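Asker: Residue numbers (the working numbering): 13 to 201.
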Amino acid sequence: MLYSMNNDSRRNKYDTKDSLELGDKAELVFRRLAEKRGWELTDASFDCNVNEHWDFLMQRGSDNFKIDVKAMKRLNRGDLDVQDRWIWIELHGVRSQDQGWLYHGKANLISFEKMTSFVIVKRTDLIELVERLVDNKTLVHSSREAKYRVYNRPGRPDRITLIETDTLNPIKWDEWDKRLYPKESKNGT
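This is how it looks when you write it as structure tokens:
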């Protein structure tokens, strides 16, 4: 379900644009692609989504995974458009008690939206990749400096970093082509 900018019940206090809506749209497209591939999806509860950092329980046969779907994001808050060359990785969340989705999330899989696909990786493989690529000793205070370094936004406890999307290729669990997603009709089906 998509939410308007006026619905702030799930909106992070730092979301001043459309991050919530972009996330909802990515989750909707991901759900349709998963179902088209024979997966059954169960939505995470609000508590599991916020505190355990997973969006869906995916089940097919004996396979079952908790997955966190990440929408494309802007490099800088002031940018007009989202992009898919770089992805933001959360090392510590925006709430002081939230230790972030990478290290303390309960998702088995993380799905990153690209313009034409979703790249899916195991969270544990992503941890190893981030630890190899990111200089965690250098703390920067500008998103422009966040590539492979830890970025701390002023006045917030979060720690995030940028890595190139292509660095996921060696750890890719799967990649789902979004062009297989049937476009919504006027009645929303």
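Glycine included, each C-beta is placed from N, C-alpha and C at the ideal position. What you are looking at is a predicted structure, and each value in this text was computed from that prediction instead of being measured.
(1) Quick check on Lys37: does DSSP put it in helix, strand or coil?
(2) In whole angstroms, what is the alpha-carbon distance linking Asp189 and Thr128?
(3) Would you say Asp67 and Ala83 are within 7 Å of each other, going by their C-beta atoms?
(4) What's the C-alpha gap between Glu125 and Ile99?
(5) Taking only the alpha-carbon atoms, compute the straight-line gap between Arg43 and Gln109 and give it to the nearest angstrom.
(6) Kindly indicate which residue of Val94, Leu69, Ile101, Leu53 has the alpha-carbon position closest to the one of Glu140.
(7) Would you mind sorting Arg206 into buried or exposed? The rule is 16 or more other CB atoms within 10 Å of its CB.
(8) DSSP beta-bridge partners for Arg72?
(9) Using a Cβ-Cβ distance under 7 Å, would Asp170 count as near chain C?
(10) May I ask you to report which of helix, strand or coil DSSP gives Thr136?
(11) Return helix, strand or coil for Trp51, following the three-state DSSP convention.
(12) Return the residue from the list Thr179, Asn181, Val142, Leu180 that minimises the CA-CA distance to Val162.
(13) Work out the CA separation of Gly90 and Leu118 for me, nearest whole Å.
(14) Give the C-beta separation of His153 and Pro169 to the nearest angstrom, bearing in mind that I take them to be a contact with Cβ-Cβ under 8 Å.
(15) Could you tell me whether the Cβ atoms of Thr179 and Val146 are closer together than 7 Å?
(16) Starting from the Cα of Glu176, find the closest Cα among Lys78, Phe77, Leu192, Lys85 and give me that residue.
(17) Given this structure, state the Cα-to-Cα distance separating Arg144 from Asn181, to the nearest angstrom.
(18) Just how far apart, CA to CA, sit Trp185 and Leu151?
(19) Output the distance between the C-alpha atoms of Asp75 and Ser123, rounded to the nearest integer angstrom.
Answerer: According to the structure shown:
(1) helix
(2) 6 Å
(3) no
(4) 9 Å
(5) 30 Å
(6) Ile101
(7) Residue 206 lies beyond the residue range present for the chain, which begins at 13 and ends at 201; the question has no answer from this structure.
(8) Asp75
(9) You won't find chain C in this structure, because it holds only one protein chain.
(10) helix
(11) coil
(12) Val142
(13) The sequence as given places Lys at residue 118; Leu does not occur at that position. Roughly 31 Å separates the two Cα atoms.
(14) The pair is not a contact, with the Cβ atoms about 14 Å apart (cut-off 8 Å).
(15) no
(16) Checked all of Lys78, Phe77, Leu192, Lys85; the closest Cα to Glu176 is Lys85.
(17) 15 Å
(18) 30 Å
(19) 17 Å
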